[in-house]
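Protein chains in written order, with this note's numbering: chain V, 1 to 89; chain W, 1 to 228.
Built from N, CA and C at the ideal position, the CB exists for glycine as well.
Computed from a predicted structure; not experimentally measured.
In what follows, a single structure is set out as structure tokens and then discussed.
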């Protein structure tokens, strides 16, 4: 077994309106930052997972992202798994 | 008439709902903790408003996996009337018992105000005795009540007469300015295909006694008791 670092990014689907992103965008323009457009706000969820291999870890990550971390009606997710931080315990 | 009010960690409209059902409507009402799994024997199940599990991740996302939701699903398929109010609506959406999802209000801020509602269908146990020519007044209080559904889902909701309440102005017109949160088509409440599960953002339990500012919420409880 090995421990993997996982980062799941959850984004609103492109056709879904993002009130939070729009508000950030108008705040940025109010602060004088010009040329900013298409601001979208999402979520980053990081954790560690213990699994036999990276493939096994990836399967679990996909399952839990689909079941809980994202809502498929409005969101998409992608994830990155980094090389084991420690080996067999 | 036996009703139950589910209680999750972070529910905060459970007592209002209990009061409205037991005192205003005269139902024999019980609280049911989220760890229970058997909900058989009730004529009505209420999933109340609040901030279950702190609204973390997404409103209702964690509550939908609470043990009690197994009972809710079972009763939903048996045809038991189930009403999800505010956070309860969000939980029903996350659980897939109703179609669609909730987004942040378009104004991003938390909206708390009285709204006017148009009853779009009386073919539900919750609205069967409501006079559609009368507009209803009820309070809302939410940050994520911006109902979203794909064009396909909206078409299905319309074709199956599943849109139950829409926000409107004092004349009954559904307009952009009468929409408090940006909900698609001004939708305030929907039911499932079998019509026994209702989700709505406005709070009928907070409009069940004159001292609260209105009694239009009792129209739902009256419909329910008439149907049984």
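Compute the beta-carbon to beta-carbon distance between residue i and residue j, rounded to the nearest angstrom, for a pair I have assumed lies under 8 Å.
| i | j | result |
| --- | --- | --- |
| residue 202(W) | residue 115(W) | 6 Å |
| residue 148(W) | residue 81(V) | That belief does not hold up - the Cβ atoms of residue 148(W) and residue 81(V) are roughly 30 Å apart, past 8 Å. |
| residue 35(W) | residue 68(W) | 7 Å |
| residue 17(W) | residue 32(W) | No, residue 17(W) and residue 32(W) are not in contact; Cβ-Cβ is about 12 Å, not under 8 Å. |
| residue 24(W) | residue 225(W) | Wrong, their Cβ atoms sit about 11 Å apart, outside the cutoff. |
| residue 98(W) | residue 117(W) | 17 Å between Cβ atoms; not a contact. |
| residue 81(W) | residue 44(W) | 5 Å |
| residue 79(V) | residue 61(V) | 5 Å |
| residue 63(W) | residue 52(W) | 4 Å |
| residue 108(W) | residue 20(V) | 6 Å |
| residue 141(W) | residue 191(W) | In fact, because the Cβ distance is near 22 Å, the residues do not count as touching under 8 Å. |
Check each candidate in the options and name the one with the smallest Cα separation from residue i.
| i | options | result |
| --- | --- | --- |
| residue 40(W) | 173(W), 2(W), 175(W) | 2(W) |
| residue 130(W) | 12(W), 223(W), 28(W) | 223(W) |
| residue 217(W) | 153(W), 10(W), 126(W), 179(W) | 126(W) |
| residue 83(W) | 138(W), 198(W), 54(W) | 198(W) |
| residue 229(W) | 160(W), 91(W), 164(W) | Missing from the structure shown is residue 229(W); chain W here goes from 1 to 228 and no further. |
| residue 40(V) | 3(V), 10(V), 71(V) | 10(V) |
| residue 150(W) | 72(V), 78(V), 44(V) | 72(V) |
| residue 180(W) | 154(W), 211(W), 110(W), 194(W) | 110(W) |
| residue 54(W) | 12(W), 106(W), 26(W) | 12(W) |
| residue 124(W) | 166(W), 161(W), 62(W) | 161(W) |
| residue 200(W) | 46(W), 26(W), 20(W) | 46(W) |
| residue 37(W) | 75(W), 157(W), 211(W), 96(W) | 75(W) |
| residue 45(V) | 68(V), 3(V), 17(V) | 68(V) |
| residue 59(W) | 146(W), 26(W), 171(W) | 146(W) |
| residue 102(W) | 26(W), 170(W), 61(W), 21(W) | 61(W) |
| residue 13(V) | 1(V), 34(V), 42(V), 33(V) | 42(V) |
| residue 229(W) | 66(W), 28(W), 20(W) | Any property of residue 229(W) remains undetermined from this structure, which presents chain W solely from 1 to 228. |
| residue 89(W) | 133(W), 165(W), 219(W), 20(W) | 165(W) |
| residue 47(V) | 8(V), 2(V), 18(V) | 8(V) |
| residue 194(W) | 159(W), 187(W), 79(W), 113(W) | 79(W) |
For the alpha helix (DSSP H) that residue i lies in, which residues bound it at each end?
| i | result |
| --- | --- |
| residue 11(V) | Element bounds for residue 11(V): not the alpha helix (DSSP H) but the beta strand (DSSP E), 2-12. |
| residue 55(W) | From DSSP, residue 55(W) is part of no alpha helix (DSSP H); its letter is neither H nor E. |
| residue 36(W) | Where residue 36(W) is concerned, there is no enclosing alpha helix (DSSP H), given that its DSSP letter is neither H nor E. |
| residue 227(W) | 218-227 |
According to DSSP, what are the bridge partners of residue i?
| i | result |
| --- | --- |
| residue 146(W) | 103(W) |
| residue 13(W) | Answer by DSSP bridge pairing: none, since residue 13(W) is not bridged. |
| residue 80(V) | 7(V) |
| residue 137(W) | 116(W) |
| residue 50(W) | 11(W) |
| residue 50(V) | 3(V) |
| residue 62(V) | Partner(s): none; residue 62(V) has no beta bridge. |
In the DSSP assignment, find the unbroken beta strand (DSSP E) run with residue i in it and report its ends.
| i | result |
| --- | --- |
| residue 111(W) | 111-119 |
| residue 30(W) | 28-33 |
| residue 229(W) | Past the boundaries of the shown model lies residue 229(W); chain W is included only from 1 to 228, so the question cannot be answered. |
| residue 44(W) | 44-47 |
May I have a chain-ordered list of the beta strand (DSSP E) segments no shorter than 3 residues that lie completely inside the segment 155-213 of chain W? 163-168, 187-191, 197-200
Just list the alpha helix (DSSP H) runs in the segment 16-48 of chain V, keeping only unbroken ones of 4 residues or longer that don't cross its boundaries, in chain order. Runs found: 19-30.
Can you list, in chain order, the stretches of the beta strand (DSSP E) that have 3 or more residues and sit fully within the segment 58-95 of chain W? 82-85
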